[in-house]
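Numbering (mature numbering (1 follows the signal peptide of the UniProt record, and there is no 0)), first residue to last: -19 to -1, 1 to 667.
Beta carbons: idealized from backbone N, C-alpha and C, even for Gly.
Computed from a predicted model, the values in this text were never measured in an experiment.
For reference, the structure is listed below as structure tokens.
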């Protein structure tokens, strides 16, 4: 058996004379040469080289490992990623480099090839790229193709722009931030620099180390590079650190805030006509202001009271007075809060005028703001006189508007009262009112309002008002006192009371000089109120209708109600033998046949109908029918009175309520002898 194994080993391994080992070959080509037994074909026998397989903990624990030792790590859940196993983070082949197991990267799902082209990463240490004579170029086509730390530095390859502080540069170089500077050197204590500040109150240009000031240089040539000999620059202006400036000189006189220097050019001041000159606001016209008057062809300057022409032989006398008395001013016109001023003046007296001129003035108000008092330029009288100030603008509120007068060397304070105007409006829209809540007949109103819009308010005041309803009565609409908007706004009316019936309640609104009629619908009560025990002044006592089919009228709680009466074999008898009837007496005619009838049709829904019936001997039976909209109903019958009034007569009074109805009909069952008398009284209407 040992002999056979030795023979087999000799067949598999061949050792050349030069200590080369071959497997499946007698002619090894290297120190160790392995040849597949079947290098071609469809054999299913596995072939290959199995490297020792260990887990991470085992690889981490190895000691005295020779450089280039190769292993296959098949489990990374054991051990720790530290020491020599620092790089072992996934299953795969690793070789030992003397310090660490190094992964053999393969482009596979387990160990993919990792580089900056397919993966993100973090530098573990500092890196230096020595380009020597080579170039490094990045190309791209997108906005923010290359960036450092977000918007710290961004290259917009799409628009060929660079952004600092932005990833979307809007210029060739776009710097977004509060400060941008240029420094001569990076060392500490270097003050020769120029920087731009962009603060919340506006930008500024700053220079330090500029002992000789800042020069503004201009060159006409368009060729050359920055600072080379081809660039010929001329200093056109200089700003000194002392605060003076020179144009045409690099050394402006220290006593001049501005020095203009030229031998072939002059100074050209603003050229204005007299009208344009006079339009300069007096409030912002300082003494010393100079213009060239193109109407007079003269230089002119403002001496704080008048324009002085340099063409004049002598300047005019500056106006002066000894006193100005605002408290004695004559005030014309009225100032109202929120109303544009028109035709308002104040005439202020003065004394001791010297006949000199003044330039007028414009003064803004304090206290109540929004106003200006303007005095036209003119001359003082020799002695006493007056100054007329015209007031314009729109007062911001009510109270006192104060104007600080300073003219002719004297001062005082002019005070004008600003009142709240009486409210006026341009239009009032009752038809478009917003109505809140529901009104129901015979139910006390609660939480009911109507909001009516208006236009053209003058910010004035209006008084409270209460308007009573017509149509459906019993209601009031109340408006609290208030102040109009300066323009469009609304009035809110609160409606209270108890509507007497269903229908339309109307309110005649009159406010701010405009009027309209507000209407509110009153719904009928679902259930009639409980009936009273007797007819009252607010009840409808139905009179006798002299003609069959005629209409009689009355009111119920102030609501007009019409009743159409039709009958057969009915006569009038209003002389009741049993006391006062409820209304007109309707008596059956003598020997009236059966089915004789009496019908009353109302134009509104009614309830609590009281029927007085007086019966006598020989009277026959009858039936009372009630209908609502043609449908038969059965209201609740309540007996109010039932008593004999003589030996042959009996008096009955019944109330029919609990439901609304609009028709009652009495039909006699049999022929009838005279005797039954009916009268009617209606207590409630829907």
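Asked, Found
"CB contact flag (residue 466, residue 499, <8 Å)", "no"
"Three-state secondary structure assigned by DSSP to residue 221", "coil"
"Nearest-angstrom Cβ-Cβ length linking residue 451 and residue 487, presumed shorter than 8 Å", "5 Å"
"Spatial distance of residue 420 from residue 414 (CA atoms)", "15 Å"
"Residue 333 (DSSP reduced to helix, strand or coil)", "strand"
"Range covered by the beta strand (DSSP E) that runs through residue 446", "446 to 449"
"Cβ-Cβ separation, residue 647 to residue 605 (assumed contact under 8 Å), whole Å", "5 Å"
"Nearest-angstrom Cα separation, counted from residue 184 out to residue 335", "49 Å"
"Residue from 426, 636, 438, 436 whose Cα sits closest to the Cα of residue 515", "636"
"Cβ contact (3+ pairs, closer than 8 Å) linking the region 362 to 375 and the region 265 to 278", "no"
"Own chain residues within Cβ distance below 6 Å of residue 355, not counting five before or after", "343, 371"
"Spatial distance of residue 186 from residue 177 (CA atoms)", "5 Å"
"Through-space distance from residue 563 to residue 557, alpha-carbon basis", "10 Å"
"Within 8 Å, strictly: CB atoms of residue 664 and residue 589", "yes"
"Residue 616 CB to nearest heavy atom of the ligand ZN below 7 Å", "What this structure holds is no ligand at all, so the ligand ZN is not there to describe."
"C-beta contact flag for residue 374 and residue 357 at 8 Å", "no"
"CA-to-CA distance, residue 571 to residue 509, given in whole angstroms", "38 Å"
"Span separating the alpha-carbon of residue 385 from that of residue 501", "56 Å"
"Close-in-space but distant-in-sequence residues of the same chain around residue 124 (CB under 8 Å, 5 per side omitted)", "137, 138, 139, 140, 148, 149"
"Residue 129 beta carbon less than 8 Å from that of residue 159", "no"
"For residue 644: DSSP bridge partner residues", "582, 608"
"Where the alpha helix (DSSP H) containing residue 42 begins and where it ends", "37 to 42"
"For residue 258, the first and last residue of its enclosing alpha helix (DSSP H)", "255 to 259"
"Chain D within 8 Å of residue 118, Cβ atoms only", "In the displayed structure, chain D is absent; only one protein chain is listed."
"First through last residue of the beta strand (DSSP E) which encompasses residue 28", "Segment: none, residue 28 is in no beta strand (DSSP E) and carries neither H nor E."
"Pick from 46, 58, 25 that is closest to residue 38, judged by C-alpha positions", "58"
"Classification of residue -19 by the beta-carbon crowding that lies within 10 angstroms, buried from 16 upward", "The predicted model places residue -19 with a pLDDT of 43, which falls under 50 and marks its position as unreliable, so this point remains unresolved."
"Proximal residues to residue 157 (C-beta, below 8 Å), its chain only, five neighbours per side dropped", "132, 144, 145, 146, 147"
"Residue closest to residue 29, alpha-carbon to alpha-carbon, out of 4, 338, 382", "4"
"Three-state class that DSSP yields for residue 560 in the structure shown", "coil"
"Residue 516 in three-state terms, based on DSSP", "coil"
"Whole-angstrom C-beta distance between residue 242 and residue 227, which should lie under 8 Å", "7 Å"
"Straight-line Cα distance separating residue 524 from residue 660", "8 Å"
"Bridge partner(s) assigned by DSSP for residue 240", "227"
"Contact set for residue 494: own chain, Cβ-Cβ below 6 Å, skip 5 residues either direction", "405"
"CA-to-CA distance, residue 416 to residue 603, given in whole angstroms", "50 Å"
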